[in-house]
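Student: Residue numbers (mature numbering (1 follows the signal peptide of the UniProt record, and there is no 0)): -22 to -1, 1 to 441. Mind looking over this structure? Questions follow.
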Amino acid sequence: MVMRKMKRLLALGLAGMMVLSATGCKSTDKTKDSAAGTTQAAATGGTSTGGTTAAASSDGEDVTLKFTWWGGQTRHELTQQLLDKYTELHPNVKFEAVPSGWDGYFDKLATQAAAGAMPDIVQMDYLYISTYAKNSSIADLTPYIEDGTIDTSSIDENLMKSGEIGGKTVGLVYSSSLLAMGYNPLVLEEAGVAVPSMDWTWSDFIDLCKTVKDKTGKLGSATGPVDDTNLFNYWVRQHGASLFSDDQKSLGYDDDQVCIDYLNMWSELMAAGAIPNPDEYAAIQTLGQEAGPVVTGEGATMIEWNNYANKVASVNDKLKITSLPLSDNTEYKGLWNKPGMFLTISETSAHKKEAAEFINWFVNSEEANDIMMGERGTPASSAVREHMKSTGKLSPQQEEMFNYLDITADICGETPAPDPIGMSEINEAFKNAAYSAFYGQVSAEEAAKTFREEANAILVRNN
């Protein structure tokens, strides 16, 4: 597991990291990393035309900032354009770009952290930020926020808190996302089903899925309900509890009936053929998102994030999003504004000030966001969102993605604390326990009990 490797490597390399912090971060594997390319844009001077002026390097010396991120080819190309633009504005700042896919990204980062050789700037996920913060691998950004280098005035307070760990702001949230229901209007029309309203419930969802299956033979939903714990977390929050306790040493809900009901609902839909069983879902995953059932018209709905329709617009621009079902019996708000990703600075970087200036420009400037065009999700900065809406450059899917934050505001609760250490293990334990129930190997009661026992053991061991 990535988390276990991360902890082991960080423990071995922590002493070395502290020594290297005095001399800065230099790659020990330049053959691999430099293959991604280094920005060499010719400098022509100039200033940012956005609402936030691009800051000059703190002392004008020539620096090279190593920046790593994960994503697909489109993200890589747009990010490289963004780096080129920054170098054009600041001729003394060059970049060593290290793009990556998601697979293996955090394995490599763990190795670099243990060796004291993390890149200066790291695109960080909510799943892992606690681990890197608690092992002192990423720097405290508070001094740069307090001296005005990083402007957080247009970022939601709840989102900013998601980057606070141990009293320090260790990550600047770049984008956010919310769980959403993607749907294919043509499949719903074929089944004679109305587009879900904002106040629909889980009972309505079950009825929709079964009706689509009965009327068309297609999937009511192509959702994998236990891929991770995000959707289950939404369900738990709708029941007035939290997925984890405040000290992150145990699950936060006391009654296993919460988990039992969740598993039984999905088992019922599987039995009706309205959603894929585990084997069918595994086959769907091999197709890739752009060839998934909802995109191709073989499924009606898909529980995803609010950028879902935008992500697949190149192959099907007819898809839409709406809110997730509300609880049938409670008024608790399950939805939350989830940090899409953070920009962090490594503790070993010799150029923290320059890195802070860059990530401020990356997050806040209109110029940078005009290049990225929401590819990394809905911008965390409200000022940037308003600017992008005003340009007329957003696609209908991007506008829908941005507007989703506004239309779900009344059903959105507080953003939970960053995920505890060991989260990937917990996700795996949840999936395994749920699958044992879906396959009929154990009852939902037994699966819920097993998950509690395993999750609590993981939390105690890691936090």
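Cβ atoms here follow ideal geometry from the backbone N, Cα and C, with glycine treated the same way.
Report the start-end ranges of each alpha helix (DSSP H) in the stretch 39 to 100 that is 4 residues or longer and not cut off at the edges.
Tutor: Here the runs fully enclosed are 51 to 67 and 83 to 92.
Student: Rounded to a whole number of angstroms, what is the C-alpha to C-alpha distance between G149 and A328?
Tutor: As a working note, residue 149 is residue 171 in the sequence shown. As a working note, residue 328 is residue 350 in the sequence shown. Each residue's Cα considered, the two are about 18 Å apart.
Student: Give the secondary structure of A219 by DSSP, where H, G and I count as helix, E and B as strand, and everything else as coil.
Tutor: The count along the sequence shown starts at 1 and reaches residue 219 at position 241. A219 falls in the coil class under three-state DSSP.
Student: Which residues mark the beginning and the end of the alpha helix (DSSP H) in which Y240 is found?
Tutor: Translated into positions along the sequence shown, residue 240 becomes position 262. Residues Q235 to A249.
Student: Please report the residue range of the alpha helix (DSSP H) in which W339 lies.
Tutor: Position 361 of the sequence shown, counting from 1, holds the residue named residue 339. Note, W339: alpha helix (DSSP H), K330 to N342.
Student: Decide yes or no for the touch test of the stretch 401 to 418 against the stretch 432 to 439: beta carbon pairs closer than 8 Å, at least 3 of them.
Tutor: Touching, yes.
Student: I need the boundaries of the beta strand (DSSP E) containing Y152, first residue and last residue.
Tutor: Sequence index remark: in the sequence shown, residue 152 carries index 174 (1-based). From DSSP, the beta strand (DSSP E) with Y152 extends over L150 to S155.
Student: For the structure I just gave you, are there three or more beta carbon pairs, one from the stretch 393 to 400 and one from the stretch 135 to 146, closer than 8 Å?
Tutor: Yes: at least three Cβ pairs fall under 8 Å.
Student: Does the pairing of the stretch 152 to 163 with the stretch 339 to 358 give three or more beta-carbon distances under 8 Å?
Tutor: Result yes; three or more Cβ-Cβ pairs closer than 8 Å.
Student: Quick one: using the 10 Å Cβ neighbour count with 16 as the cut-off for buried, is T127 buried or exposed?
Tutor: Along the sequence shown, one-based indexing puts residue 127 at 149. With 16 or more Cβ atoms within 10 Å of its Cβ, T127 is classed as buried.
Student: Rounded C-beta distance between M280 and G160? I'm assuming under 8 Å.
Tutor: Taking the first residue of the sequence shown as 1, we reach residue 280 at position 302. Taking the first residue of the sequence shown as 1, we reach residue 160 at position 182. So it is a contact: roughly 4 Å between Cβ atoms.
Student: Output yes or no for whether 7 Å exceeds the beta carbon distance between L297 and N162.
Tutor: Your numbering for residue 297 matches position 319 in the sequence shown. Your numbering for residue 162 matches position 184 in the sequence shown. Yes, these two residues count as a Cβ contact at 7 Å.
Student: Pick from K367, A411 and A334: whose alpha carbon is nearest that of I116?
Tutor: In the sequence shown, the residue the question calls residue 116 occupies position 138. It is A334 whose Cα lies nearest to the Cα of I116.
Student: Any chance you could list the beta strand (DSSP E) runs of at least 3 consecutive residues sitting entirely within the stretch 263 to 322, in chain order?
Tutor: Qualifying beta strand (DSSP E) stretches, in chain order: 277 to 283 and 298 to 300.
Student: Kindly list the residues whose CB is nearer than 8 Å to the CB of G218, restricted to its own chain and excluding five residues on each side of it in sequence; keep chain order.
Tutor: Working through the sequence shown from its first residue, we reach residue 218 at position 240. For G218, where only same-chain residues beyond five positions count, the Cβ hits under 8 Å are T308 and Y310.
Student: Give me, in chain order, the residues of the same chain whose beta-carbon lies closer than 6 Å to that of N242; leave out the 5 immediate sequence neighbours on both sides.
Tutor: Sequence index remark: in the sequence shown, residue 242 carries index 264 (1-based). Within the same chain, N242 has close Cβ partners A422.
Student: Can you name the start and end residues of the alpha helix (DSSP H) that S402 belongs to?
Tutor: Counting from one through the sequence shown, the residue named residue 402 turns up at place 424. Element bounds for S402: M401 to F416.
Student: Quick check for students: name the residue ranges of the alpha helix (DSSP H) that lie wholly in the stretch 180 to 207, counting only runs of 4 or more.
Tutor: Segments of the alpha helix (DSSP H) lying fully in the stretch 180 to 207: 180 to 194.
Student: Using DSSP's beta-bridge definition, name the partner residues of I143.
Tutor: By one-based count along the sequence shown, residue 143 stands at place 165. Answer is K146, bridged to I143.
Student: Assuming D306 contacts S181 (C-beta within less than 8 Å), just tell me the rounded distance between them.
Tutor: Taking the first residue of the sequence shown as 1, we reach residue 306 at position 328. Taking the first residue of the sequence shown as 1, we reach residue 181 at position 203. D306 to S181, Cβ: 5 Å. Contact.
Student: Kindly confirm or deny that the stretch 362 to 376 and the stretch 161 to 180 touch, where touching means at least three C-beta pairs closer than 8 Å.
Tutor: Contact fails: fewer than three Cβ-Cβ distances are below 8 Å.
Student: The alpha helix (DSSP H) that contains P254, what's its start and end?
Tutor: Your numbering for residue 254 matches position 276 in the sequence shown. Neither: P254 is in no alpha helix (DSSP H) and is coded neither H nor E.
Student: Is it the case that the Cβ atoms of V272 and V293 are separated by a distance below 7 Å?
Tutor: Here the question's residue 272 lines up with position 294 in the sequence shown. Here the question's residue 293 lines up with position 315 in the sequence shown. Against a cut-off of 7 Å, the Cβ pair of V293 and V272 comes out as no contact.
Student: Using DSSP's beta-bridge definition, name the partner residues of M159.
Tutor: Taking the first residue of the sequence shown as position 1, residue 159 is located at position 181. Per DSSP, I281 and T300.
Student: Which residues share a DSSP beta bridge with L229?
Tutor: Position 251 of the sequence shown, counted from the start, is the residue given in the question as residue 229. Note: L229 sits in a beta bridge opposite F222.
Student: Give every residue of the same chain whose Cβ lies closer than 8 Å to the Cβ of E147, excluding the five residues on either side of it in the sequence, and list them in chain order.
Tutor: Working through the sequence shown from its first residue, we reach residue 147 at position 169. Note that residue 147 is Thr in the sequence shown here, rather than Glu. Once the five neighbours on either side are set aside, the close Cβ partners of T147 are D118, L119, T120, I123, M138 and G141.
Student: Going by CA-CA distance only, name the one from P69, Q51, T52 and W48 that's closest to D40.
Tutor: For the purposes of this step, residue 40 is identified with residue 62 of the sequence shown, where counting begins at 1. Comparing Cα-Cα distances from D40 to each of P69, Q51, T52 and W48, the minimum goes to P69.
Student: Closer than 7 Å by C-beta to G275: which residues in its own chain qualify, once you throw out the five before and the five after it? Chain order, please.
Tutor: Counting from one through the sequence shown, the residue named residue 275 turns up at place 297. Excluding positions up to five away in sequence, the list reads N162, L164 and V165.
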